[in-house]
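Keeping their order, the protein sequence lines are chains A and B.
Numbering-wise, the first sequence is residues 91 to 203 according to our numbering.
Numbering-wise, the second sequence is residues 8 to 121 according to our numbering.
Backbone N, C-alpha and C fix where the C-beta goes; we use that ideal spot for every residue, glycine too.
Here the structure is laid out as structure tokens; the discussion comes afterwards.
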Amino acid sequence: GAGVSQTPSNKVTEKGKYVELRCDPISGHTALYWYRQSLGQGPEFLIYFQGTGAADDSGLPNDRFFAVRPEGSVSTLKIQRTERGDSAVYLCASSIEVNTEAFFGQGTRLTVV
Amino acid sequence: GDSVTQMEGPVTLSEEAFLTINCTYTATGYPSLFWYVQYPGEGLQLLLKATKADDKGSNKGFEATYRKETTSFHLEKGSVQVSDSAVYFCALSPAPDSSYKLIFGSGTRLLVRP
Chain A
91 GAGVSQTPSN KVTEKGKYVE LRCDPISGHT ALYWYRQSLG QGPEFLIYFQ
141 GTGAADDSGL PNDRFFAVRP EGSVSTLKIQ RTERGDSAVY LCASSIEVNT
191 EAFFGQGTRL TVV
Chain B
8 GDSVTQMEGP VTLSEEAFLT INCTYTATGY PSLFWYVQYP GEGLQLLLKA
58 TKADDKGSNK GFEATYRKET TSFHLEKGSV QVSDSAVYFC ALSPAPDSSY
108 KLIFGSGTRL LVRP
């Protein structure tokens with residue numbers, strides 16, 4: 091596609107449930123990033139992939155959060171045992187290389203009730 | 008740790024007014040600095056960037072100069088348009104000339120009235 095695609099655009103889940111958020115980066119982009127944006131705040135870095143490997147996962151808040159990129163393209167952010175505090179917009183971005191412009195998707199708005 | 012502070016909004020201006028959105032940063036080393044814009048219903052878009060001290064980034068009439076002595080990267084535009092209404096985010100990357108691990112400010116909403 092023309093840009094970074096994230097699905098679903100909205101997700102409502104009950105506290106304690108498991109969710110998966112999907113990111114389709116721009117074709118050919120080797121670097122992929124996940125950010126989390128809470129209401130009224132700027133995005134916060136979660137994890138960075140270079141190819142298939144997580145090069146830096148220092149932003150993941152705890153071990154309930156996990157992300158994969160098995161074939162170096164699509165990435166899935168997985169959240170176990172969701173909590174109300176996980177409610178936020180989850181943004182994905184990709185770039186050709188780590189030192190080039192990052193292009194952002196429109197995000198997935200996650201609401202935990 | 009590294010951080011970005013930007014002026015709180017909303018900023019409300021009339022069309023053709025001069026715009027300044029203040030941004031200051033705290034960082035070790037030599038960060039790259041960015042302004043991103045988020046138009047209603049759209050994803051974040053890179054507006055401009057500067058990768059070293061005294062560099063000026065510019066795009067679509069917007070400008071910002073990397074001031075190391077004042078640790079600032081204020082966004083300016085001489086004459087705003089209604090179409091500039093959006094949320095503007097100042098950001099830094101700790102690594103030189105990189106988009107890696109961006110640290111964002113909290114955003115400033117700009118509303119331009121006709």
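- Note on Phe135/A: 16 or more other CB atoms within 10 angstroms of its CB, so buried under the neighbour-count rule.
- The Cβ of Phe155/A sits no closer than 9 Å to any Cβ of chain B.
- Within chain A, the residues Gly132 have their CB atoms less than 7 Å from the CB of Gly114/B, given in chain order.
- In the three-state reduction of the DSSP assignment, Asp176/A falls in the helix class, which pools H, G and I.
- In terms of beta-carbon proximity, Leu40/B stays away from the interface with chain A, with every pair separated by 9 Å or more.
- Rounded to the nearest angstrom, the gap between the Cα atoms of Phe194/A and Glu76/B is 31 Å.
- Ser117/A has a beta carbon lying at 9 Å or more from every beta carbon in chain B.
- Residue range 134-140 is occupied by the beta strand (DSSP E) that includes Tyr138/A.
- For Asn100/A, the uninterrupted beta strand (DSSP E) segment begins and ends at 100-103.
- Per DSSP, the continuous beta strand (DSSP E) segment holding Asp146/A begins and ends at 143-146.
- The contact set of Glu49/B on chain A, defined by CB atoms closer than 8 Å, consists of Gln196 in chain order.
- The residue among Gln196/A, Gly93/A, Gly132/A, Trp124/A with its C-alpha nearest the C-alpha of Trp42/B is Gly132/A.
- Chain-ordered, the chain B residues with CB closer than 7 Å to the CB of Thr190/A read Ser106.
- DSSP places Val203/A in the coil class of the three-state scheme, outside both helix and strand.
- Beta-bridge pairing by DSSP links Ala157/A to Leu167/A.
- Shown in chain order are the members of the stretch 50-62 of chain B whose Cβ falls below 7 Å from a Cβ of chain A: Gly50, Leu51, Leu53.
- In the DSSP assignment, Ala57/B falls within the beta strand (DSSP E) that extends over 52-57.
- In the three-state reduction of the DSSP assignment, Asp114/A falls in the strand class.
- Ser184/A sits in a strand when the DSSP states are folded into three classes.
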